[in-house]
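Peer 1: Chains as they are written, first to last, in the working numbering: chain A, -1 to 179; chain B, 44 to 159.
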Amino acid sequence: MLKRLIKSVLLVCLGCAIGVFLCQYSYFTLSKEISLTEVFIAILTGIIALYIADDLSAKLSRTQSVKALYTEDIKGFIVSLQTLENWIEEGECSAKELKRYLRNGTVKINLFVQIYGSQKGLNTNTLGSILNSFNALKYDITEIPPSSKGELYKFNLEQQHQFSQQVNGLKAGLVDAMIKS
Amino acid sequence: MATLKISKDFTEYPGARYITDGPFSGEAFFNELLREKFDEALRANVILTVDLDDTAGYASSFLSESFGRLAQEFGVDSVKKHLKIISRQEPDWKDRILNDYIPNASKRQSQAFVNA
């Protein structure tokens, strides 16, 4: 509060000092008359300047909010990939759960494309390749013949390695999407 | 136009490729429902609409087996002419069926034969 007061007083003093300084030079004259047109133009210019500044600030703030939401959603998706990684690492998982998980993953990425794809000032170009990578993993992993009367998917070492690589590629793509957004 | 909604007319939990893989397989879907419905649509000269939505998710083996067999039995051109796929929740399945499983049905079958 005190700082603000001191700052205001200093500003007024500075303004007075500049005024006195300018009046001491002969080539600066102060007219006692004020042109109404000039006053009107000055006020109008001020209003337009304020409007532009305010509009730019609102747009910037909105873009930042959308970008923050987008980043949060992508982060959430990266975290959710841990479930898939655990299944791959364990070497088996429930067939129903895996298919539901993969279905939800595709639905979620499609939703990201729909929601964020049309946002101005947000780069979502990489979402298309992320969706393709996720779907490729979905096709590969559910191509395996299930065990236990269709209840389980079991992965051998080669498949574990292949699917882990695909999940890592997906993660890298998602991080890249956050950076490039 | 004839309609076949998998979640309602077959199961909410589609299985894998063959009947030996477990319940609600692609093979069972083709034998019990898809072949008959498509044949009816063909005879009536109407389009059969297969709706993939509202299930708990698909295995690629289920879809490649059922639609691949359909293309093998009725021919790729006939299937493309009389089949419409609806897949709003996972649109990629529609592309996959129409651009891979149906056109490459014969290749898939020979590959499966070699693997067997």
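Here a beta-carbon is modelled for each residue, glycine too, at the ideal position from N, C-alpha and C. For clarity, every value in this text was computed on a predicted model and none was experimentally measured.
Within a Cβ cutoff of 8 Å, which residues of the same chain sit near A:Ser162, ignoring the five residues on either side of it in sequence?
Peer 2: Within the same chain, A:Ser162 has close Cβ partners Glu83, Ile86 and Glu87.
Peer 1: Would the beta-carbon of A:Phe75 fall within 8 Å of that of A:Thr104?
Peer 2: Not in contact: A:Phe75 and A:Thr104 (Cβ atoms no closer than 8 Å).
Peer 1: Pull up the DSSP beta-bridge partners for B:Ala45, would you.
Peer 2: Answer is B:Leu91.
Peer 1: Taking B:Phe81 and B:Phe67 to be in contact with their CB atoms under 8 Å, please state how far apart those CB atoms are, rounded to whole angstroms.
Peer 2: No, B:Phe81 and B:Phe67 are not in contact; Cβ-Cβ is about 19 Å, not under 8 Å.
Peer 1: Are the CB atoms of B:Leu77 and B:Ser109 nearer to each other than 8 Å?
Peer 2: Result yes, Cβ atoms of B:Leu77 and B:Ser109 sit closer than 8 Å.
Peer 1: Quick one: what's got a C-beta closer than 8 Å to B:Ala168's C-beta in the same chain, skipping five residues either side?
Peer 2: The question about residue 168 of chain B has no answer, for chain B in this structure spans 44 to 159.
Peer 1: Comparing alpha-carbon positions, which option in A:Ser55, A:Tyr114, A:Leu168 and A:Pro144 lies nearest A:Leu129?
Peer 2: It is A:Leu168.
Peer 1: Run through the DSSP bridge pairs and tell me what B:Ile129 is partnered with.
Peer 2: B:Ile129 is bridged to B:Asp94.
Peer 1: Which stretch, first to last residue, makes up the alpha helix (DSSP H) that contains B:Glu108?
Peer 2: First-last of the alpha helix (DSSP H) with B:Glu108: Ser103 to Phe117.
Peer 1: Identify the contact partners of A:Gly148 in chain B, using a Cβ-Cβ distance below 7 Å as the criterion.
Peer 2: Simply Gly58, Ala59, Asp64, Gly65 and Pro66.
Peer 1: Quickly, what does DSSP pair A:Lys152 with across the bridge? List them, please.
Peer 2: DSSP lists A:Glu90 as partners of A:Lys152.
Peer 1: Residues of chain A with a CB under 7 Å from the CB of B:Asp135: which are they?
Peer 2: The contacting residues are Thr104 and Asn133.
Peer 1: Alpha carbon to alpha carbon, how far is A:Gly17 from A:Ser29?
Peer 2: Rounded to the nearest angstrom, the two C-alpha atoms are 13 Å apart.
Peer 1: DSSP has A:Ser145 in a bridge; who is on the other side?
Peer 2: Beta-bridge pairing links A:Ser145 to A:Leu150.
Peer 1: With a threshold of 8 Å between beta carbons, is A:Thr124 in contact with chain B?
Peer 2: Answer no: the Cβ-Cβ gap between A:Thr124 and chain B never drops below 8 Å.
Peer 1: Are B:Ile49 and B:Thr98 touching if we call contact CB-CB under 8 Å?
Peer 2: The answer is yes: Cβ separation under 8 Å.
Peer 1: With three or more beta-carbon pairs closer than 8 Å as the criterion, would you say the region 149 to 161 of chain A touches the region 115 to 130 of chain B?
Peer 2: Because the criterion of three Cβ pairs below 8 Å is not met, the region 149 to 161 of chain A and the region 115 to 130 of chain B do not touch.
Peer 1: Is the Cβ-Cβ distance between A:Lys152 and A:Glu90 less than 8 Å?
Peer 2: Cβ distance < 8 Å, so A:Lys152 and A:Glu90 count as in contact.
Peer 1: Taking C-beta pairs closer than 7 Å, name the residues in chain B that A:Leu81 reaches, listed in chain order.
Peer 2: In the sequence under discussion, the amino acid at residue 81 of chain A is Thr, which differs from the Leu named in the question. Result: empty, since nearest Cβ-Cβ is about 14 Å, beyond 7 Å.
Peer 1: Mind checking whether A:Gln22 and A:Val64 have CB atoms under 8 Å apart?
Peer 2: Not closer than 8 Å, so no.
Peer 1: Measuring CA to CA, which of B:Gln132, B:Gly65, B:Leu47 and B:Leu95 is closest to A:Pro187?
Peer 2: This structure does not reach residue 187 of chain A, given that chain A is present from -1 up to 179, and the question cannot be answered.
Peer 1: Which class does B:Phe72 belong to by DSSP, given the choice of helix, strand or coil?
Peer 2: Three-state DSSP puts B:Phe72 in a helix.
Peer 1: Could one say the Cβ of B:Ala114 lies closer than 8 Å to chain A's Cβ atoms, at least one of them?
Peer 2: Not closer than 8 Å to any Cβ of chain A, the Cβ of B:Ala114 fails to qualify, so no.
Peer 1: Find the residues of chain B that neighbour A:Ile98, judging by a C-beta separation of less than 8 Å, and give them in chain order.
Peer 2: Note on residue identity: the sequence assigns Arg, not Ile, to residue 98 of chain A. Ala99 and Gly100, listed in chain order.
Peer 1: Any Cβ of chain A within less than 8 Å of the Cβ of B:Ser50?
Peer 2: Answer no: the Cβ-Cβ gap between B:Ser50 and chain A never drops below 8 Å.
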